[in-house]
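S.K.: Questions regarding the structure given below will be posed in turn.
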């Protein structure tokens, strides 16, 4: 069982595997120990057998000597016995001794009998006297060597005449035993050595699948989830390999599912308009999407792993997460703060993160920037207040005039005419106000559908100028018109564009006092038509220029009412310009006058913002 495509690599790793050498070392120790025990047992058995054989040999030689010694112990042929013992010593290599019953030595193959002391107290003699045979291993006092002795009694007619003894030096015995031991130990060593070769193969075969699975596990841990092993065995290791492959396949499937879910979640969090921040139990950031990083003014990548109180520029945000981690309860709140010159309002939703045991392991915060909603809500309230106020004024005036006319039936004709004239003026103002409101509402809601057609702006401006020039001259204004000599065609809605131009020219006439000048200029700049309406009226202070195109915004509300303004004309101009791909802007100096510039793309040109000053 080997990793697919990695057999050679696995073989190289086996020889570097500590487990392989531990297993093989254990096998070696076992073989050596078993061989040693068996060899020791064999040596001991052979030693016992050899000693028994030597002892039997000594017994046989002693029995042979017993017949020769019987006549000598009876008092005959003592001298001839000594010679015979010497000859036997040369042929047998064994020391032979004949001893009388009283312990006196009468013949000895290794020395003179008269020089040998009393042997009656020798252990082998005492044992032979007591048991009929005596064996002893001891240091010889005669030849000064360790010897093995075997003694037998010599009897005649039921009477012990003496003893015969055969002996060998232990050095000779030990030489024989050492030779046997060497043979046995050499055979055991050769057997153990031969057993280690198949042991190496067995250990290699056992460890190879484990090394293969280890390499596959390391590859999977490194991210190669398609790594597998090839089980070729039917034993437990084969089943382990198949179980490993099944585990790897399930892990790959689950990791793929987790990765897909993570990518899906990351895509969702990235595409959210809300900011999302997740922290762990230690308040370290574990996730932050781009929106949250922008709201906090932080770097998303560098924020991961850092405490939230280091990342968040607002103490309220880090404190809110701290409260959730401590209490384990979510909630919501609004945070208001100033970012530069802009007021920010964040709607914050908090929730704790829990593990499988229900313990709080972190918290998640969702930040929703509702600054625009709050601003729009304020604008809505302001719009409602302005509409209510603007409508209430003419309605109140109309009601008062009608009530006066109804109650005073004897009113003088000239007074009645004056009241009716005021009533007509207020009704006209109310009608204009309602009409402008309806027009602006349609523009802002997108319900207005423009019937675009190819128009020559020169003809449209001449029509508007002709209609309003009379009102300007009636106020004593100098009215001038300067149009491009070439046609300037645009694709636009005639009615909407006429209303926008009329509002600009009408405002110039209304807010310019007698003796002033109103000029209308139309020219081409690249692929744009630029309409400039300039007056020498009251002008607009700089602090009002950014808001002049808002609904109902007027610089001087009382003067606007006096001149019949509704506060919606410039808002309509802005929406018409944007709807046609153009723009509008204003330049003004109080007491000097104002210049409104309406820029529209010519027919066939792309919609874009206004060009640079011409």
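Residue numbers (our numbering): 101 to 714. Glycine included, C-beta positions come from ideal geometry on N, C-alpha and C.
Round the Cβ separation of residue 248 and residue 268 to the nearest angstrom and send it over; I've been treating them as touching at under 8 Å.
M.R.: Stepping through the chain shown from its first residue, residue 248 is reached at position 148. Stepping through the chain shown from its first residue, residue 268 is reached at position 168. With a Cβ gap of about 5 Å, residue 248 and residue 268 count as contacting.
S.K.: Would you mind reading off the limits of the beta strand (DSSP E) that contains residue 375?
M.R.: Here residue 375 is taken as the residue at index 275 of the chain shown, counted from 1. Going by DSSP, residue 375 is part of the beta strand (DSSP E) stretching over 375–380.
S.K.: Run through DSSP, which three-state label would residue 591 get?
M.R.: Within the chain shown, residue 591 is the residue found at index 491, counting from 1. In this structure, residue 591 counts as strand in the three-state DSSP scheme.
S.K.: Is the segment 604–624 touching the segment 571–588, taking contact as three or more C-beta pairs under 8 Å?
M.R.: By the Cβ rule, the segment 604–624 counts as touching the segment 571–588, because three or more pairs are nearer than 8 Å.
S.K.: Are there 16 or more other CB atoms within 10 angstroms of the CB of residue 399, so buried, or fewer, so exposed?
M.R.: Taking the first residue of the chain shown as 1, we reach residue 399 at position 299. The residue is exposed, with fewer than 16 neighbouring Cβ atoms inside 10 Å.
S.K.: What's the C-alpha gap between residue 418 and residue 476?
M.R.: For this step, residue 418 is matched to residue 318 along the chain shown. For this step, residue 476 is matched to residue 376 along the chain shown. Rounded to the nearest angstrom, the two C-alpha atoms are 28 Å apart.
S.K.: Since residue 347 is in the alpha helix (DSSP H), which residue starts that stretch and which ends it?
M.R.: Taking the first residue of the chain shown as position 1, residue 347 is located at position 247. First-last of the alpha helix (DSSP H) with residue 347: 336–371.
S.K.: Would you give the residue range spanned by the beta strand (DSSP E) that residue 677 belongs to?
M.R.: By 1-based counting over the chain shown, the position of residue 677 is 577. Where residue 677 is concerned, there is no enclosing beta strand (DSSP E), although the alpha helix (DSSP H) around it starts and stops at 669–679.
S.K.: Tell me the rounded alpha-carbon separation between residue 602 and residue 517.
M.R.: As a position in the chain shown, residue 602 is number 502, starting the count at 1. As a position in the chain shown, residue 517 is number 417, starting the count at 1. Rounded to whole angstroms, residue 602 to residue 517 spans 30 Å at the Cα level.
S.K.: Are any of the Cβ atoms in chain B nearer than 7 Å to that of residue 207?
M.R.: Absence of chain B from the displayed structure is noted, only one protein chain being present.
S.K.: Can you give me the C-alpha to C-alpha distance between residue 466 and residue 380, rounded to a whole angstrom?
M.R.: Working through the chain shown from its first residue, we reach residue 466 at position 366. Working through the chain shown from its first residue, we reach residue 380 at position 280. Roughly 15 Å between the two C-alpha positions.
S.K.: Compare the C-alpha of residue 453 against each of 191, 382 and 443 and name the closest.
M.R.: As a working mapping, residue 453 is identified with position 353 in the chain shown. Ranking 191, 382 and 443 by Cα distance to residue 453 puts 382 first.
S.K.: Quick one: measure Cβ to Cβ for residue 455 and residue 461, integer angstroms, because I've assumed they're closer than 8 Å.
M.R.: Translated into the one-based positions of the chain shown, residue 455 becomes position 355. Translated into the one-based positions of the chain shown, residue 461 becomes position 361. Indeed, because the Cβ distance is near 5 Å, the residues count as touching under 8 Å.
S.K.: Could you tell me the distance, in whole angstroms, from the CA atom of residue 207 to the CA atom of residue 259?
M.R.: In the chain shown, the residue the question calls residue 207 occupies position 107. In the chain shown, the residue the question calls residue 259 occupies position 159. Cα to Cα, residue 207 sits roughly 20 Å from residue 259.
S.K.: Smallest Cα separation from residue 650: which of 426, 192, 639 and 685?
M.R.: Here residue 650 is taken as the residue at index 550 of the chain shown, counted from 1. Per the Cα distances, 685.
S.K.: Do you know offhand how far residue 661's Cα is from residue 481's?
M.R.: On the chain shown, position 561 is the one that residue 661 refers to. On the chain shown, position 381 is the one that residue 481 refers to. Caution applies to residue 661, whose pLDDT of 47 falls short of 50 and renders its modelled position unreliable; the model cannot decide the point.
S.K.: Are the CB atoms of residue 693 and residue 637 nearer to each other than 7 Å?
M.R.: In the chain shown, counting from the first residue as 1, residue 693 sits at position 593. In the chain shown, counting from the first residue as 1, residue 637 sits at position 537. Against a cut-off of 7 Å, the Cβ pair of residue 637 and residue 693 comes out as a contact.
S.K.: Determine the direct distance from the alpha carbon of residue 189 to that of residue 183, and round the result to whole angstroms.
M.R.: Position 83 of the chain shown, counted from the first residue, corresponds to residue 183. Position 89 of the chain shown, counted from the first residue, corresponds to residue 189. Cα to Cα, the separation comes out at about 10 Å.
S.K.: Restricting to runs no shorter than 3 residues, where is the beta strand (DSSP E) found entirely within the segment 144–197?
M.R.: none
S.K.: Taking the beta carbon of residue 415 as the centre, do at least 16 other beta carbons fall within 10 Å, making it buried, or is it exposed?
M.R.: In the chain shown, the residue the question calls residue 415 occupies position 315. By the neighbour-count rule (16 or more Cβ atoms within 10 Å), residue 415 is not buried but exposed.
S.K.: Please list, in chain order, all residues of the same chain as residue 201 whose beta carbon is under 7 Å from its beta carbon, the five residues on each side excluded.
M.R.: Here the question's residue 201 lines up with position 101 in the chain shown. Excluding positions up to five away in sequence, the list reads 260, 261 and 262.
S.K.: Using three-state DSSP, classify residue 136 as helix, strand or coil.
M.R.: Taking the chain shown and counting its residues from 1, one reaches residue 136 at position 36. It is helical.
S.K.: At which residues does the beta strand (DSSP E) containing residue 234 begin and terminate?
M.R.: Position 134 of the chain shown, counted from the first residue, corresponds to residue 234. Taken as a continuous stretch (DSSP letters only), the beta strand (DSSP E) holding residue 234 covers 234–239.
S.K.: What do you reckon, are the CB atoms on residue 520 and residue 558 nearer than 7 Å?
M.R.: In the chain shown, residue 520 corresponds to position 420, counting from 1. In the chain shown, residue 558 corresponds to position 458, counting from 1. Not closer than 7 Å, so no.
S.K.: Tell me whether residue 560, by its Cβ, gets closer than 6 Å to a heavy atom of the ligand NAD.
M.R.: Because no ligand of any kind appears in the structure shown, any question about the ligand NAD cannot be addressed here.
S.K.: Can at least three beta-carbon pairs, one atom from the segment 310–317 and one from the segment 160–176, be found at a separation below 8 Å?
M.R.: no
S.K.: Are the CB atoms of residue 702 and residue 627 within a distance shorter than 7 Å?
M.R.: Taking the chain shown and counting its residues from 1, the one referred to as residue 627 is at position 527. Taking the chain shown and counting its residues from 1, the one referred to as residue 702 is at position 602. Yes; because the gap between Cβ atoms is below 7 Å, this pair is in contact.
S.K.: Out of 231, 245, 270 and 644, which one is the CA nearest neighbour of residue 251?
M.R.: Taking the first residue of the chain shown as position 1, residue 251 is located at position 151. The residue from 231, 245, 270 and 644 with its alpha-carbon nearest to that of residue 251 is 231.
S.K.: My understanding is that residue 553 touches residue 594, with C-beta atoms under 8 Å, so please give their C-beta distance in whole angstroms.
M.R.: Position 453 of the chain shown, counted from the start, is the residue given in the question as residue 553. Position 494 of the chain shown, counted from the start, is the residue given in the question as residue 594. Indeed, because the Cβ distance is near 6 Å, the residues count as touching under 8 Å.
S.K.: For residue 288, I'd like the list of residues in its chain whose CB is within less than 6 Å of its CB, leaving aside the five on either flank, ordered along the chain.
M.R.: For the purposes of this step, residue 288 is taken as residue 188 along the chain shown, with counting starting at 1. Contacts found: 135 and 139.
S.K.: Going by DSSP in three states, residue 649 sits in which element: helix, strand or coil?
M.R.: As a working mapping, residue 649 is identified with position 549 in the chain shown. In the structure shown, residue 649 sits in coil (DSSP, three-state: anything other than H, G, I, E or B).
S.K.: Can you tell me whether residue 658 is buried or exposed? The criterion is at least 16 other CB atoms within 10 Å of its CB, across all chains shown.
M.R.: In the chain shown, counting from the first residue as 1, residue 658 sits at position 558. Interpretation of residue 658 is limited by its pLDDT of 48, a score under 50 that renders its predicted location unreliable; the figure taken from the coordinates is listed afterwards. That one is exposed.
S.K.: Nearest to residue 276 by CA position, among 146, 233 and 371, is which residue?
M.R.: Against the chain shown, residue 276 aligns to sequence position 176. Cα-wise, what sits closest to residue 276 is 146.
S.K.: Go ahead and pull the three-state DSSP assignment for residue 389.
M.R.: By one-based count along the chain shown, residue 389 stands at place 289. Residue 389: coil per DSSP, three-state reduction.
S.K.: Hey, how far is the Cα of residue 344 from the Cα of residue 459?
M.R.: Start at 1 with the first residue of the chain shown, and residue 344 comes out as number 244. Start at 1 with the first residue of the chain shown, and residue 459 comes out as number 359. Approximately 33 Å, taken between the alpha carbons.
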